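Engineer:
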Amino acid sequence: SPPAIPHQWGQARCCHKCVQPFPGARSSTQADSGSSEDEAVSEARSTTSECPSLHSTAAEDSLGGDAAEEQGQQEDLEEKLKEYVDCLTDKSAKTRQGALESLRLALASRLLPDFLLERRLTLADALEKCLKKGKGEEQALAAAVLGLLCVQLGPGPKGEELFHSLQPLLVSVLSDSTASPAARLHCASALGLGCYVAAADVQDLMSCLNCLESVFSRSCAVGGSTVPVVPASQHGLLCAALQAWALLLTVCPSAHISHILDRQLPRLPQLLSSESVNLRIAAGETIALLFELARDLEEDFLYEDMEALCSALRTLATDSNKYRAKADRRRQRSTFRAVLHFVEGGECEEESIRFGLEVLYVDSWARRRAYAAFKDVLGSGMHHHLQNNELLRDIFGLGPVLVLDAAALKACKISRFEKHLYNAAAFKARTKARSRVRDKRADLL
(Lines of atoms letter the chains of each structure in order from A and count residues from 1; the text may use other names and numbers.)
(Lines give C-alpha, C1' and ligand atoms only; values in the text may rest on other atoms or scores of the structure.)
Protein backbone atom coordinates (compact mmCIF):
# COMPACT_ATOMS: atom_id res chain seq x y z
CA SER A 1 0.00 0.00 0.00
CA PRO A 2 1.17 3.62 -0.57
CA PRO A 3 3.14 5.22 2.28
CA ALA A 4 1.28 7.33 4.85
CA ILE A 5 1.17 11.06 4.25
CA PRO A 6 3.53 12.71 6.77
CA HIS A 7 2.50 15.75 8.77
CA GLN A 8 4.47 18.76 7.64
CA TRP A 9 5.50 19.79 11.14
CA GLY A 10 6.79 16.40 12.30
CA GLN A 11 10.52 16.13 12.58
CA ALA A 12 11.02 18.33 9.56
CA ARG A 13 8.80 21.05 10.49
CA CYS A 14 -29.46 2.75 25.48
CA CYS A 15 -32.73 1.22 25.73
CA HIS A 16 -36.13 2.48 24.53
CA LYS A 17 -36.15 5.14 27.24
CA CYS A 18 -34.77 8.60 26.81
CA VAL A 19 -30.95 8.54 26.65
CA GLN A 20 -29.33 10.72 29.27
CA PRO A 21 -26.54 12.96 27.92
CA PHE A 22 -23.01 11.98 28.90
CA PRO A 23 -21.76 14.33 31.64
CA GLY A 24 -18.46 16.11 31.67
CA ALA A 25 -18.06 17.73 28.25
CA ARG A 26 -19.41 20.82 26.58
CA SER A 27 -19.93 21.45 22.90
CA SER A 28 -17.33 23.65 21.24
CA THR A 29 -17.84 26.89 19.37
CA GLN A 30 -16.39 27.92 16.02
CA ALA A 31 -14.48 30.86 17.49
CA ASP A 32 -13.84 32.41 20.90
CA SER A 33 -14.74 35.99 21.61
CA GLY A 34 -12.28 38.33 23.34
CA SER A 35 -12.55 40.89 26.13
CA SER A 36 -14.18 44.31 25.84
CA GLU A 37 -11.07 45.92 24.36
CA ASP A 38 -8.30 44.44 22.16
CA GLU A 39 -5.60 46.44 23.94
CA ALA A 40 -6.83 45.44 27.36
CA VAL A 41 -6.88 41.77 26.47
CA SER A 42 -3.36 41.87 25.04
CA GLU A 43 -1.92 43.47 28.15
CA ALA A 44 -3.88 41.32 30.57
CA ARG A 45 -2.71 38.16 28.79
CA SER A 46 0.91 39.26 28.86
CA THR A 47 0.66 39.98 32.61
CA THR A 48 -0.87 36.62 33.54
CA SER A 49 0.63 34.35 30.86
CA GLU A 50 3.17 32.89 33.29
CA CYS A 51 0.51 31.71 35.75
CA PRO A 52 -0.20 27.95 35.57
CA SER A 53 -3.29 26.72 33.71
CA LEU A 54 -6.24 25.66 35.85
CA HIS A 55 -8.19 23.79 33.18
CA SER A 56 -6.72 20.35 33.68
CA THR A 57 -6.63 20.12 37.49
CA ALA A 58 -9.62 17.79 37.52
CA ALA A 59 -7.84 15.33 35.23
CA GLU A 60 -4.73 15.50 37.39
CA ASP A 61 -6.76 14.91 40.57
CA SER A 62 -8.43 11.85 39.07
CA LEU A 63 -5.02 10.36 38.14
CA GLY A 64 -3.98 10.39 41.76
CA GLY A 65 -7.14 8.64 42.99
CA ASP A 66 -7.55 5.10 44.17
CA ALA A 67 -6.93 2.52 41.42
CA ALA A 68 -9.87 0.33 42.44
CA GLU A 69 -12.25 3.29 42.35
CA GLU A 70 -11.00 4.27 38.89
CA GLN A 71 -11.55 0.72 37.67
CA GLY A 72 -15.11 0.81 38.95
CA GLN A 73 -15.76 4.15 37.27
CA GLN A 74 -14.36 2.82 33.99
CA GLU A 75 -16.65 -0.23 34.14
CA ASP A 76 -19.68 1.98 34.84
CA LEU A 77 -18.74 4.21 31.91
CA GLU A 78 -18.41 1.27 29.55
CA GLU A 79 -21.81 -0.05 30.61
CA LYS A 80 -23.34 3.30 29.75
CA LEU A 81 -21.53 3.37 26.42
CA LYS A 82 -22.83 -0.11 25.58
CA GLU A 83 -26.36 1.17 26.15
CA TYR A 84 -25.72 4.15 23.88
CA VAL A 85 -24.36 1.89 21.13
CA ASP A 86 -27.43 -0.39 21.42
CA CYS A 87 -29.72 2.63 21.17
CA LEU A 88 -28.22 3.65 17.81
CA THR A 89 -30.48 1.07 16.13
CA ASP A 90 -33.63 2.04 18.04
CA LYS A 91 -36.78 2.74 16.04
CA SER A 92 -37.23 6.14 17.68
CA ALA A 93 -35.29 8.95 15.98
CA LYS A 94 -35.27 10.87 19.27
CA THR A 95 -33.62 7.94 21.07
CA ARG A 96 -31.02 7.54 18.33
CA GLN A 97 -30.20 11.24 18.47
CA GLY A 98 -29.85 11.10 22.26
CA ALA A 99 -27.49 8.14 21.97
CA LEU A 100 -25.41 9.88 19.30
CA GLU A 101 -25.12 13.04 21.40
CA SER A 102 -24.08 11.04 24.47
CA LEU A 103 -21.46 9.16 22.44
CA ARG A 104 -20.19 12.43 21.00
CA LEU A 105 -19.67 13.91 24.46
CA ALA A 106 -18.06 10.71 25.76
CA LEU A 107 -15.60 10.43 22.86
CA ALA A 108 -14.69 14.11 23.15
CA SER A 109 -13.93 13.96 26.88
CA ARG A 110 -12.38 10.48 27.29
CA LEU A 111 -9.85 8.30 25.50
CA LEU A 112 -11.51 4.92 24.77
CA PRO A 113 -9.51 3.14 22.03
CA ASP A 114 -9.87 -0.42 23.39
CA PHE A 115 -13.63 -0.18 23.85
CA LEU A 116 -14.05 1.31 20.37
CA LEU A 117 -11.75 -1.20 18.65
CA GLU A 118 -13.92 -4.05 19.89
CA ARG A 119 -17.09 -2.38 18.57
CA ARG A 120 -15.84 -0.50 15.53
CA LEU A 121 -17.79 -2.67 13.04
CA THR A 122 -21.01 -2.32 15.06
CA LEU A 123 -20.50 1.43 15.27
CA ALA A 124 -19.68 1.69 11.55
CA ASP A 125 -22.91 -0.15 10.62
CA ALA A 126 -24.99 2.00 12.97
CA LEU A 127 -23.47 5.26 11.73
CA GLU A 128 -24.00 4.16 8.13
CA LYS A 129 -27.72 3.68 8.80
CA CYS A 130 -27.96 7.03 10.58
CA LEU A 131 -26.30 8.81 7.65
CA LYS A 132 -28.37 6.96 5.04
CA LYS A 133 -31.83 6.98 6.62
CA GLY A 134 -31.59 9.75 9.19
CA LYS A 135 -32.54 13.35 8.65
CA GLY A 136 -31.01 16.67 9.64
CA GLU A 137 -29.80 16.53 13.22
CA GLU A 138 -29.31 12.75 13.23
CA GLN A 139 -27.04 12.93 10.18
CA ALA A 140 -25.13 15.84 11.70
CA LEU A 141 -24.54 13.96 14.97
CA ALA A 142 -23.55 10.77 13.13
CA ALA A 143 -20.94 12.70 11.13
CA ALA A 144 -19.61 14.32 14.32
CA VAL A 145 -19.28 10.91 16.03
CA LEU A 146 -17.48 9.53 12.97
CA GLY A 147 -14.91 12.33 13.13
CA LEU A 148 -14.31 11.60 16.82
CA LEU A 149 -13.98 7.88 16.12
CA CYS A 150 -11.18 8.64 13.67
CA VAL A 151 -9.45 10.76 16.32
CA GLN A 152 -9.78 7.91 18.84
CA LEU A 153 -8.64 5.09 16.53
CA GLY A 154 -5.82 7.07 14.93
CA PRO A 155 -4.05 6.54 11.58
CA GLY A 156 -3.65 2.75 11.73
CA PRO A 157 -5.40 0.13 9.54
CA LYS A 158 -8.53 0.06 11.73
CA GLY A 159 -9.04 3.81 11.53
CA GLU A 160 -8.36 3.81 7.80
CA GLU A 161 -10.87 0.98 7.28
CA LEU A 162 -13.54 2.89 9.22
CA PHE A 163 -12.99 6.09 7.25
CA HIS A 164 -13.00 4.32 3.88
CA SER A 165 -16.26 2.54 4.71
CA LEU A 166 -18.10 5.78 5.46
CA GLN A 167 -16.29 8.28 3.21
CA PRO A 168 -18.72 7.77 0.26
CA LEU A 169 -21.70 8.54 2.52
CA LEU A 170 -20.06 11.72 3.83
CA VAL A 171 -19.43 12.86 0.27
CA SER A 172 -22.99 11.95 -0.73
CA VAL A 173 -24.62 14.00 2.05
CA LEU A 174 -22.18 16.89 1.56
CA SER A 175 -22.95 17.04 -2.17
CA ASP A 176 -26.73 16.75 -1.71
CA SER A 177 -28.23 20.23 -2.04
CA THR A 178 -31.51 18.97 -0.56
CA ALA A 179 -29.89 17.79 2.69
CA SER A 180 -30.04 20.05 5.74
CA PRO A 181 -27.24 22.66 6.00
CA ALA A 182 -26.33 21.36 9.47
CA ALA A 183 -25.88 17.80 8.20
CA ARG A 184 -23.77 18.97 5.26
CA LEU A 185 -21.69 21.20 7.55
CA HIS A 186 -20.81 18.32 9.91
CA CYS A 187 -20.15 15.98 6.98
CA ALA A 188 -17.65 18.51 5.59
CA SER A 189 -15.85 18.72 8.93
CA ALA A 190 -15.84 14.92 9.38
CA LEU A 191 -14.57 14.40 5.83
CA GLY A 192 -11.67 16.78 6.39
CA LEU A 193 -10.74 15.49 9.85
CA GLY A 194 -11.17 11.81 8.93
CA CYS A 195 -9.02 12.17 5.82
CA TYR A 196 -6.38 14.14 7.75
CA VAL A 197 -6.11 11.42 10.39
CA ALA A 198 -6.82 8.14 8.60
CA ALA A 199 -6.26 8.43 4.83
CA ALA A 200 -2.92 6.93 3.76
CA ASP A 201 -3.37 7.29 -0.01
CA VAL A 202 -2.60 10.55 -1.81
CA GLN A 203 -5.50 9.86 -4.18
CA ASP A 204 -7.91 9.80 -1.23
CA LEU A 205 -6.48 13.10 -0.05
CA MET A 206 -6.86 14.76 -3.45
CA SER A 207 -10.40 13.38 -3.82
CA CYS A 208 -11.44 14.91 -0.49
CA LEU A 209 -9.71 18.20 -1.34
CA ASN A 210 -11.58 18.42 -4.66
CA CYS A 211 -14.91 17.60 -3.02
CA LEU A 212 -14.52 20.28 -0.35
CA GLU A 213 -13.20 22.81 -2.86
CA SER A 214 -16.27 22.30 -5.05
CA VAL A 215 -18.49 23.35 -2.12
CA PHE A 216 -16.97 26.72 -1.22
CA SER A 217 -15.86 27.58 -4.77
CA ARG A 218 -19.49 28.01 -5.81
CA SER A 219 -19.55 31.25 -3.82
CA CYS A 220 -16.64 32.70 -5.82
CA ALA A 221 -16.92 34.36 -9.21
CA VAL A 222 -14.96 32.90 -12.13
CA GLY A 223 -13.27 35.31 -14.53
CA GLY A 224 -15.20 38.56 -14.78
CA SER A 225 -18.57 37.13 -13.73
CA THR A 226 -20.63 38.52 -10.86
CA VAL A 227 -20.04 37.10 -7.38
CA PRO A 228 -22.94 34.70 -6.60
CA VAL A 229 -25.32 35.66 -3.79
CA VAL A 230 -25.07 33.05 -1.02
CA PRO A 231 -28.05 32.61 1.35
CA ALA A 232 -27.28 33.10 5.05
CA SER A 233 -28.29 29.48 5.72
CA GLN A 234 -25.31 28.31 3.64
CA HIS A 235 -22.65 30.42 5.35
CA GLY A 236 -21.88 27.78 8.00
CA LEU A 237 -21.50 25.08 5.35
CA LEU A 238 -19.11 27.21 3.26
CA CYS A 239 -17.06 28.03 6.35
CA ALA A 240 -16.81 24.35 7.41
CA ALA A 241 -15.87 23.23 3.89
CA LEU A 242 -13.20 25.95 3.60
CA GLN A 243 -11.69 25.11 7.00
CA ALA A 244 -11.67 21.35 6.27
CA TRP A 245 -10.04 22.05 2.89
CA ALA A 246 -7.40 24.22 4.56
CA LEU A 247 -6.69 21.46 7.10
CA LEU A 248 -5.98 18.96 4.31
CA LEU A 249 -3.72 21.47 2.56
CA THR A 250 -1.34 21.24 5.53
CA VAL A 251 -0.56 17.60 4.61
CA CYS A 252 -0.85 17.97 0.83
CA PRO A 253 2.31 16.99 -1.12
CA SER A 254 4.21 20.01 -2.41
CA ALA A 255 3.85 18.76 -6.00
CA HIS A 256 0.12 19.59 -5.84
CA ILE A 257 0.36 22.83 -3.84
CA SER A 258 1.47 25.06 -6.72
CA HIS A 259 -1.58 24.16 -8.85
CA ILE A 260 -3.90 24.82 -5.93
CA LEU A 261 -2.25 28.19 -5.28
CA ASP A 262 -2.67 29.26 -8.91
CA ARG A 263 -6.33 28.24 -8.84
CA GLN A 264 -7.53 29.47 -5.45
CA LEU A 265 -5.35 32.37 -4.29
CA PRO A 266 -6.96 34.81 -6.78
CA ARG A 267 -10.49 33.63 -5.79
CA LEU A 268 -10.40 33.47 -2.00
CA PRO A 269 -10.17 37.27 -1.45
CA GLN A 270 -13.74 37.46 -2.79
CA LEU A 271 -14.92 35.77 0.42
CA LEU A 272 -13.49 38.64 2.49
CA SER A 273 -16.59 40.66 1.57
CA SER A 274 -19.01 37.99 2.84
CA GLU A 275 -21.81 39.01 5.20
CA SER A 276 -20.73 36.25 7.62
CA VAL A 277 -17.98 37.16 10.05
CA ASN A 278 -17.04 33.48 10.46
CA LEU A 279 -16.64 33.06 6.70
CA ARG A 280 -14.59 36.27 6.42
CA ILE A 281 -12.29 35.07 9.21
CA ALA A 282 -11.98 31.57 7.71
CA ALA A 283 -11.10 33.11 4.34
CA GLY A 284 -8.47 35.39 5.91
CA GLU A 285 -6.82 32.55 7.84
CA THR A 286 -6.83 30.34 4.73
CA ILE A 287 -5.19 33.11 2.67
CA ALA A 288 -2.46 33.37 5.32
CA LEU A 289 -2.00 29.57 5.16
CA LEU A 290 -1.70 29.69 1.37
CA PHE A 291 0.99 32.38 1.66
CA GLU A 292 2.82 30.22 4.20
CA LEU A 293 2.72 27.19 1.89
CA ALA A 294 3.76 29.30 -1.09
CA ARG A 295 6.76 30.71 0.79
CA ASP A 296 7.76 27.19 1.83
CA LEU A 297 7.92 26.34 -1.87
CA GLU A 298 9.50 29.59 -2.98
CA GLU A 299 11.13 31.88 -0.42
CA ASP A 300 10.73 34.98 -2.61
CA PHE A 301 7.09 34.27 -3.50
CA LEU A 302 5.31 37.34 -4.87
CA TYR A 303 1.56 37.69 -5.27
CA GLU A 304 0.49 39.71 -8.30
CA ASP A 305 -2.44 41.53 -6.68
CA MET A 306 -0.68 42.17 -3.38
CA GLU A 307 -1.69 45.82 -3.06
CA ALA A 308 -5.42 45.16 -3.40
CA LEU A 309 -5.25 42.17 -1.03
CA CYS A 310 -3.41 44.11 1.68
CA SER A 311 -5.89 46.97 1.31
CA ALA A 312 -8.81 44.58 1.89
CA LEU A 313 -7.08 42.97 4.86
CA ARG A 314 -6.24 46.38 6.34
CA THR A 315 -9.87 47.47 6.05
CA LEU A 316 -11.06 44.39 7.95
CA ALA A 317 -8.31 44.81 10.54
CA THR A 318 -9.60 48.32 11.36
CA ASP A 319 -13.33 47.77 10.76
CA SER A 320 -15.48 49.85 13.11
CA ASN A 321 -18.87 49.59 11.41
CA LYS A 322 -21.53 49.92 14.09
CA TYR A 323 -23.97 47.63 12.30
CA ARG A 324 -21.69 44.69 13.10
CA ALA A 325 -21.91 43.12 16.55
CA LYS A 326 -19.23 44.39 18.94
CA ALA A 327 -17.87 40.89 19.63
CA ASP A 328 -17.72 40.17 15.88
CA ARG A 329 -15.80 43.39 15.20
CA ARG A 330 -13.33 42.62 17.98
CA ARG A 331 -12.72 39.05 16.78
CA GLN A 332 -12.42 40.16 13.17
CA ARG A 333 -9.93 42.93 13.93
CA SER A 334 -7.76 40.63 16.02
CA THR A 335 -7.65 37.93 13.32
CA PHE A 336 -7.00 40.24 10.39
CA ARG A 337 -4.26 42.16 12.18
CA ALA A 338 -2.41 38.83 12.48
CA VAL A 339 -3.19 37.89 8.86
CA LEU A 340 -2.06 41.28 7.50
CA HIS A 341 1.09 41.18 9.62
CA PHE A 342 2.00 37.76 8.20
CA VAL A 343 1.12 38.53 4.56
CA GLU A 344 3.16 41.75 4.62
CA GLY A 345 6.11 40.61 6.70
CA GLY A 346 6.05 36.83 6.77
CA GLU A 347 5.98 36.52 10.57
CA CYS A 348 3.35 34.38 12.30
CA GLU A 349 2.45 35.44 15.83
CA GLU A 350 3.25 32.64 18.30
CA GLU A 351 0.58 31.44 20.71
CA SER A 352 1.26 29.25 23.75
CA ILE A 353 -1.34 26.86 25.16
CA ARG A 354 -0.85 25.39 28.62
CA PHE A 355 -2.34 22.02 29.53
CA GLY A 356 -1.37 20.30 32.74
CA LEU A 357 2.40 20.59 33.12
CA GLU A 358 3.07 21.09 29.41
CA VAL A 359 2.93 23.91 26.88
CA LEU A 360 2.01 23.67 23.20
CA TYR A 361 3.46 26.38 20.95
CA VAL A 362 1.40 27.30 17.90
CA ASP A 363 3.86 29.15 15.69
CA SER A 364 2.56 28.66 12.15
CA TRP A 365 -0.73 28.91 10.28
CA ALA A 366 -0.61 25.17 9.56
CA ARG A 367 -0.38 24.33 13.27
CA ARG A 368 -3.02 26.93 14.02
CA ARG A 369 -5.46 25.32 11.57
CA ALA A 370 -4.78 21.83 12.94
CA TYR A 371 -5.23 22.96 16.55
CA ALA A 372 -8.50 24.74 15.72
CA ALA A 373 -9.83 21.68 13.85
CA PHE A 374 -9.27 19.36 16.81
CA LYS A 375 -10.52 21.99 19.28
CA ASP A 376 -13.79 22.29 17.33
CA VAL A 377 -14.59 18.58 17.68
CA LEU A 378 -13.09 17.93 21.13
CA GLY A 379 -14.30 21.09 22.85
CA SER A 380 -13.47 21.10 26.56
CA GLY A 381 -11.84 17.66 26.16
CA MET A 382 -8.98 19.14 24.10
CA HIS A 383 -6.57 19.34 27.05
CA HIS A 384 -7.28 15.73 28.06
CA HIS A 385 -6.54 14.51 24.52
CA LEU A 386 -3.38 16.62 24.28
CA GLN A 387 -2.18 14.95 27.46
CA ASN A 388 -3.15 11.36 26.63
CA ASN A 389 -3.92 10.91 22.91
CA GLU A 390 -0.83 9.66 21.04
CA LEU A 391 -2.23 10.93 17.72
CA LEU A 392 -2.40 14.55 18.88
CA ARG A 393 0.92 14.31 20.67
CA ASP A 394 2.53 13.04 17.47
CA ILE A 395 0.92 15.72 15.28
CA PHE A 396 2.02 18.56 17.56
CA GLY A 397 5.43 17.06 18.41
CA LEU A 398 4.75 16.69 22.14
CA GLY A 399 6.55 13.36 22.51
CA PRO A 400 5.39 10.32 24.51
CA VAL A 401 2.59 10.64 27.07
CA LEU A 402 3.93 11.87 30.42
CA VAL A 403 3.61 9.30 33.23
CA LEU A 404 3.58 10.97 36.65
CA ASP A 405 3.26 9.32 40.03
CA ALA A 406 0.97 10.55 42.79
CA ALA A 407 3.78 12.45 44.55
CA ALA A 408 4.67 14.40 41.40
CA LEU A 409 1.04 15.25 40.75
CA LYS A 410 0.55 16.41 44.33
CA ALA A 411 3.65 18.60 44.09
CA CYS A 412 2.36 20.40 41.00
CA LYS A 413 -1.30 20.54 42.07
CA ILE A 414 -2.62 24.07 42.44
CA SER A 415 -4.09 24.82 45.87
CA ARG A 416 -7.29 26.77 46.39
CA PHE A 417 -5.27 29.70 47.77
CA GLU A 418 -3.01 29.72 44.66
CA LYS A 419 -6.11 29.71 42.45
CA HIS A 420 -7.40 32.71 44.37
CA LEU A 421 -4.09 34.55 43.90
CA TYR A 422 -4.10 33.74 40.19
CA ASN A 423 -7.66 35.05 39.72
CA ALA A 424 -6.89 38.16 41.74
CA ALA A 425 -3.80 38.89 39.63
CA ALA A 426 -5.74 38.39 36.41
CA PHE A 427 -8.55 40.68 37.63
CA LYS A 428 -6.07 43.37 38.67
CA ALA A 429 -4.30 43.23 35.31
CA ARG A 430 -7.58 43.54 33.40
CA THR A 431 -8.71 46.45 35.54
CA LYS A 432 -5.45 48.37 35.05
CA ALA A 433 -5.39 47.76 31.31
CA ARG A 434 -9.00 48.83 30.85
CA SER A 435 -8.46 51.94 32.98
CA ARG A 436 -5.63 53.00 30.69
CA VAL A 437 -7.84 52.46 27.66
CA ARG A 438 -10.53 54.65 29.23
CA ASP A 439 -7.94 57.33 29.99
CA LYS A 440 -6.83 57.33 26.36
CA ARG A 441 -10.42 57.73 25.24
CA ALA A 442 -10.92 60.62 27.64
CA ASP A 443 -7.82 62.36 26.24
CA LEU A 444 -9.16 61.96 22.71
CA LEU A 445 -12.50 63.44 23.71
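Following the working numbering, the numbering of the sequence shown begins with 37 at its first residue and continues without gaps.
Beta carbons: idealized from backbone N, C-alpha and C, even for Gly.
Since the structure is predicted, the reported quantities are computational estimates derived from the model, not experimental observations.
#1: Measuring CB atoms only, is the stretch 217-237 touching the stretch 175-186, in the sense that at least three cross pairs come out at less than 8 Å?
#2: Taking the C-alpha atoms as reference points, what is the distance between residue 404 and residue 410?
#3: Ends of the alpha helix (DSSP H) at residue 216?
#4: Hey, how far is the Cα of residue 130 from the Cα of residue 205?
#5: Per DSSP, which residues does residue 391 bridge with? Please list them.
#6: Could you check whether the Cβ of residue 141 sits closer than 8 Å to any Cβ belonging to chain D?
#7: Would residue 278 pass as a contact of residue 322 if the rule is Cβ separation under 8 Å?
#8: Identify whether residue 339 lies in helix, strand or coil by the three-state DSSP scheme.
#9: Between residue 239 and residue 317, is the Cβ-Cβ spacing less than 8 Å?
#10: Which same chain residues, not among the five before or five after residue 190, have their C-beta less than 6 Å away from its C-beta?
#11: Looking at the unbroken alpha helix (DSSP H) that takes in residue 126, where does it start and where does it end?
#12: What residues in its chain sit with their C-beta under 7 Å from that of residue 173, if we drop five residues either side in the sequence?
#13: What does the Cβ neighbour count give for residue 272, buried or exposed, with the cut at 16 atoms within 10 Å?
#14: Out of 376, 313 and 127, state which residue places its alpha-carbon closest to the alpha-carbon of residue 343.
#15: Over what stretch of residues does the alpha helix (DSSP H) that includes residue 269 continue unbroken?
#16: CB-CB under 6 Å to residue 149, same chain, minus the five flanking residues each way: which ones, in chain order?
#17: Of the choices 112, 208, 300 and 366, whose alpha-carbon is the least far from that of residue 151?
#18: Would you kindly check if the distance between the Cβ of residue 276 and the Cβ of residue 305 is under 8 Å?
#19: Answer with buried or exposed for residue 143, where buried requires no fewer than 16 other C-beta atoms within 10 angstroms of its C-beta.
#20: Judging by CA-CA distance, which residue of 223, 357 and 308 is the nearest neighbour of residue 248?
#21: Less than 8 Å between the CB atoms is what I'm expecting for residue 422 and residue 372, so what's the real figure, rounded?
#22: In whole angstroms, what separates the C-alpha of residue 295 from that of residue 420?
#23: Return the Cβ separation of residue 286 and residue 104 in integer angstroms, given the expectation that the two are a contact with Cβ distance under 8 Å.
#24: So within the stretch 182-218, which uninterrupted alpha helix (DSSP H) runs reach at least 4 residues, ignoring any that extend past its ends?
#25: Let me check understanding here. Comparing Cα to Cα, which of 354, 383 and 394 lies closest to residue 370?
#26: In three-state DSSP terms, what is residue 412?
#27: Are the CB atoms of residue 394 and residue 329 nearer to each other than 8 Å?
#28: With a 10 Å radius around its C-beta and 16 neighbouring C-beta atoms as the bar for buried, classify residue 314 as buried or exposed.
#29: Do you know offhand how far residue 220's Cα is from residue 176's?
#30: Taking 7 Å as the cut-off, does the CB of residue 384 come closer than this to any heavy atom belonging to the ligand MN?
#31: Around the C-beta of residue 300, are 16 or more other C-beta atoms found within 10 angstroms, so that it is buried, or is it exposed?
#32: How about residue 288 and residue 245: are their beta carbons less than 8 Å apart?
#33: Under the rule that 16 or more other beta-carbon atoms within 10 Å means buried, what is residue 397, buried or exposed?
#34: Would you kindly report the start and end of the unbroken alpha helix (DSSP H) that includes residue 163?
#35: Looking at residue 307: is its Cβ nearer than 8 Å to the Cβ of residue 255?
#36: If I measure Cβ to Cβ from residue 252 and keep anything under 6 Å in the same chain, skipping five residues before and after, which residues do I get?
Structural biologist: For this structure:
#1: yes
#2: 10 Å
#3: Neither: residue 216 is in no alpha helix (DSSP H) and is coded neither H nor E.
#4: Pairing residue 130 with residue 205, the inter-Cα distance amounts to about 22 Å.
#5: 394
#6: Of the protein chains in the structure, only one exists, and it is not chain D.
#7: yes
#8: coil
#9: no
#10: Closer than 6 Å at the Cβ level, and outside the excluded window around residue 190, lie 427.
#11: Taken as a continuous stretch (DSSP letters only), residue 126 belongs to no alpha helix (DSSP H), as it is neither H nor E.
#12: 133 and 218
#13: buried
#14: With distances taken between Cα atoms, residue 343 lies closest to 376.
#15: No alpha helix (DSSP H) holds residue 269; DSSP gives it neither H nor E.
#16: Around residue 149: 188.
#17: 112
#18: no
#19: buried
#20: 223
#21: Incorrect: roughly 28 Å between the Cβ atoms, too far for contact.
#22: 38 Å
#23: Between residue 104 and residue 286 the Cβ distance is about 44 Å, and since that is not below 8 Å, they are no contact.
#24: 193-211
#25: 354
#26: helix
#27: no
#28: By the 16-neighbour rule on beta-carbons within 10 angstroms, residue 314 is buried.
#29: 7 Å
#30: The model on display carries no ligand, and the ligand MN is accordingly not part of it.
#31: buried
#32: yes
#33: exposed
#34: 156-169
#35: yes
#36: 274, 277 and 278
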